[in-house]
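Undergrad:
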Amino acid sequence: MIKKINHVAIIVPDLDSSLTFWRDALGLKVEYVEEVKSQESIVAFLPTGESEIELVKPTTETSGAAKFLAKRGAGMHHIALEVDNLDEMLVDLKAKGIRLINETPIIAAGGYRAAFIHPESASGVLVELYQK
Ligand code: ZN
Numbered sequence: 150m151i152k153k154i155n156h157v158a159i160i161v162p163d164l165d166s167s168l169t170f171w172r173d174a175l176g177l178k179v180e181y182v183e184e185v186k187s188q189e190s191i192v193a194f195l196p197t198g199e200s201e202i203e204l205v206k207p208t209t210e211t212s213g214a215a216k217f218l219a220k221r222g223a224g225m226h227h228i229a230l231e232v233d234n235l236d237e238m239l240v241d242l243k244a245k246g247i248r249l250i251n252e253t254p255i256i257a258a259g260g261y262r263a264a265f266i267h268p269e270s271a272s273g274v275l276v277e278l279y280q281k
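Residue numbers for the sequence shown follow this note's numbering, so the first one is 150 and each next one is one higher.
Structure (structure tokens):
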């Protein structure tokens, strides 16, 4: 079951310059900044009430995130839907023929388990399933 939009992620080439808008101009607080090894990125989470904004900065040239940034530039990267049972959801989606980037969960920011759905199956949007 999907519980809510946990976060919306924006991919950026430089975290500090992006924070001048998201933190300094909008007044959002940075909850934490973390290097996420599985995603070859540094991420910053800024709570916005029930959901959060995630800023994603690739740390290598070869990751999916880096290729996304090189191809499309800064902008919307993914929507993360919080689910109550990630394993069950992945089995269900696979059975429905949905194209998954991660067929088994990865460890995402905050140490939570997550898996990405390919944009090809999701109206052109990269979707992260996220279990707290
Ligand atoms: Zn995310």
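Glycine residues also receive a C-beta, built at the ideal position from the N, C-alpha and C atoms.
1. Starting from residue 243, follow the alpha helix (DSSP H) in both directions and report where the run begins and ends.
2. So the candidates are 215, 234, 235, 233; which of them puts its Cα closest to the Cα of residue 226?
3. With residue 224 as the anchor, note down where its beta strand (DSSP E) starts and where it stops.
4. Starting from the Cα of residue 164, find the closest Cα among 231, 182, 221 and give me that residue.
5. What residue range is occupied by the uninterrupted alpha helix (DSSP H) comprising residue 221?
6. Does the Cβ-Cβ distance between residue 230 and residue 151 come in under 7 Å?
7. Going by the CB atoms, is the gap between residue 192 and residue 185 shorter than 7 Å?
8. So, for residue 158: in the same chain, excluding its five sequence neighbours on each side, which residues have a beta-carbon less than 6 Å away from its beta-carbon?
9. The alpha helix (DSSP H) with residue 190 in it runs from where to where?
10. Just reading off the beta strand (DSSP E) that residue 200 is part of, what are its end residues?
11. Which residue wins for smallest C-alpha separation from residue 273, given the options 176, 279, 217?
12. According to DSSP, what are the bridge partners of residue 276?
13. Look at the Cβ atom of residue 169, then the Cβ atom of residue 189, and state whether they are nearer than 7 Å.
TA: Straight from the coordinates:
1. 235-244
2. 215
3. 224-232
4. 182
5. 213-221
6. yes
7. yes
8. 203, 205, 226, 227
9. Careful: residue 190 lies outside any alpha helix (DSSP H), inside the beta strand (DSSP E) at 190-197.
10. 200-207
11. 217
12. 228, 266
13. no
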